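Undergrad: Residue numbers (my numbering): -15 to 271.
Got a structure here, written out as structure tokens. Questions coming.
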């Protein structure tokens, strides 16, 4: 059963964003850390915002450049703007209807909005066009997690580990394992990233501890990474235990926390502007 969530990002509660705002990261920082290319070769050490700017310059001169459309879509996802990403992927699908990449991108954008069922529809189309779990497993696995299909999710994450989103798949798999009560496996899954001092893994470890009910260790981990933030985080951490498994996945991965008063808008924290981004993107590409 699909999660019942408010699809309006200005009214739903995105409390996990508070964790990342306290350490200077966007809500989607762990996604940005992954080497996401979906057929696009990123420039080494180029930030998502710089990458988006580069692709927009290409599109200003050549609005139907398929690789630039896919690249702009992926960069938009990494910046937390799923709506803009959907605009780029939609146009890419018009340019090359037979490619699986736009459908895979639409699936990724849709799951970031909390619509797991809709995302799976896009992923099914991408698979029908030839994409494999190596490429989409990190994103499709999240859709399965949101629906409480954790065995399917973990199988997808496992398949994605050697792929372009391997680090993100590892973080999400750790949360999925924690949700299903396997704390030791979750921490072991994170271990390679923690050894690299991956910031996203540090945040994920705190969530793993909280999801598995180890509140003392979760508090210690949060205070170590974000000194002085525990009073702000405690309401979020305390409520994790009251959620269904799918809702835990949404809270831990996306910051979507149903049934509570606003703690902080992810769009405000991340500095993402409002308005109809699809219309803006369409105007740019049709100029």
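Just so you know, even glycine gets a beta-carbon here, dropped at the ideal spot from N, CA and C.
Every value quoted in this text rests on a predicted model; they were computed, and no experiment measured them.
1. Look at the Cβ atom of residue 156, then the Cβ atom of residue 34, and state whether they are nearer than 8 Å.
2. Do you know offhand how far residue 232's Cα is from residue 191's?
3. Between which residues of its own chain and residue 132 is the CB-CB distance below 6 Å, once the five residues before and five after are set aside?
4. For residue 100, tell me which candidate among 120, 124 and 113 has the shortest Cα-Cα distance.
5. Is it buried or exposed for residue 58, if we count other Cβ within 10 angstroms and need 16 for buried?
6. Output yes or no for whether 8 Å exceeds the beta carbon distance between residue 198 and residue 151.
7. Assuming contact is defined by CB atoms lying nearer than 8 Å, are residue 137 and residue 144 in contact in what I supplied?
8. Determine, using beta carbons only, whether residue 158 and residue 139 come nearer to each other than 8 Å.
9. Flag this pair as yes or no: are the beta carbons of residue 185 and residue 193 separated by less than 8 Å?
10. Based on DSSP bridge pairs, tell me the residues matched to residue 221.
11. Just how far apart, CA to CA, sit residue 163 and residue 178?
12. Sort 115, 109, 44 and 103 by Cα distance to residue 126 and report the nearest one.
13. For residue 66, count neighbouring Cβ atoms within 10 angstroms of its own Cβ and tell me buried if that reaches 16, exposed if not.
14. In angstroms, rounded to a whole number, what distance separates the CA positions of residue 119 and residue 200?
15. Once the 5 residues before and after residue 42 are set aside, which same chain residues still bring their CB inside 6 Å of it?
16. Taking only the alpha-carbon atoms, compute the straight-line gap between residue 71 and residue 130 and give it to the nearest angstrom.
17. Is residue 71 helix, strand or coil by DSSP?
18. Report back the beta-carbon spacing between residue 69 and residue 82 to the nearest angstrom; my notes put them in contact at under 8 Å.
19. Alpha carbon to alpha carbon, what distance is there between residue 218 and residue 115?
TA: This is what the structure gives:
1. For the purposes of this step, residue 156 is taken as the residue at position 172 of the chain shown. For the purposes of this step, residue 34 is taken as the residue at position 50 of the chain shown. Against a cut-off of 8 Å, the Cβ pair of residue 34 and residue 156 comes out as no contact.
2. Stepping through the chain shown from its first residue, residue 232 is reached at position 248. Stepping through the chain shown from its first residue, residue 191 is reached at position 207. For residue 232 and residue 191, the distance between alpha carbons rounds to 10 Å.
3. Locating residue 132 in the chain shown gives position 148, counting from the first residue. These residues qualify, in order along the chain: 229 and 230.
4. Within the chain shown, the letter at position 116 stands for residue 100. For the options 120, 124 and 113, the alpha carbon positioned closest to that of residue 100 is the one of 124.
5. To locate residue 58, count along the chain shown from 1; it is residue 74. With 16 or more other Cβ atoms within 10 Å, it is buried.
6. The residue you call residue 198 lines up with position 214 of the chain shown. The residue you call residue 151 lines up with position 167 of the chain shown. Contact: no.
7. Here residue 137 refers to the residue found at position 153 when the chain shown is read from its first residue. Here residue 144 refers to the residue found at position 160 when the chain shown is read from its first residue. In this structure, residue 144 does not lie closer than 8 Å to residue 137 by Cβ.
8. One-based indexing of the chain shown puts residue 158 at position 174. One-based indexing of the chain shown puts residue 139 at position 155. Cβ atoms of residue 158 and residue 139: not closer than 8 Å.
9. Walking along the chain shown from the start, residue 185 turns up at place 201. Walking along the chain shown from the start, residue 193 turns up at place 209. No, these two residues do not count as a Cβ contact at 8 Å.
10. Counting from one through the chain shown, the residue named residue 221 turns up at place 237. Answer is none; residue 221 lacks a bridge partner.
11. Numbered from 1 along the chain shown, position 179 holds the residue referred to as residue 163. Numbered from 1 along the chain shown, position 194 holds the residue referred to as residue 178. Roughly 20 Å between the two C-alpha positions.
12. In the chain shown, residue 126 corresponds to position 142, counting from 1. When only C-alpha atoms are compared, the closest one is 103.
13. Along the chain shown, one-based indexing puts residue 66 at 82. When all chains shown are included, residue 66 counts as buried.
14. Taking the first residue of the chain shown as 1, we reach residue 119 at position 135. Taking the first residue of the chain shown as 1, we reach residue 200 at position 216. Near 37 Å, if we compare the C-alpha coordinates of residue 200 and residue 119.
15. For the purposes of this step, residue 42 is taken as the residue at position 58 of the chain shown. Hits under 6 Å: 49 and 52.
16. For the purposes of this step, residue 71 is identified with residue 87 of the chain shown, where counting begins at 1. For the purposes of this step, residue 130 is identified with residue 146 of the chain shown, where counting begins at 1. Straight-line Cα distance between these residues: approximately 24 Å.
17. In the chain shown, residue 71 corresponds to position 87, counting from 1. Helix.
18. Start at 1 with the first residue of the chain shown, and residue 69 comes out as number 85. Start at 1 with the first residue of the chain shown, and residue 82 comes out as number 98. Not confirmed; about 20 Å, so no contact.
19. What you label residue 115 is simply residue 131 of the chain shown in a count that begins at 1. What you label residue 218 is simply residue 234 of the chain shown in a count that begins at 1. About 41 Å.
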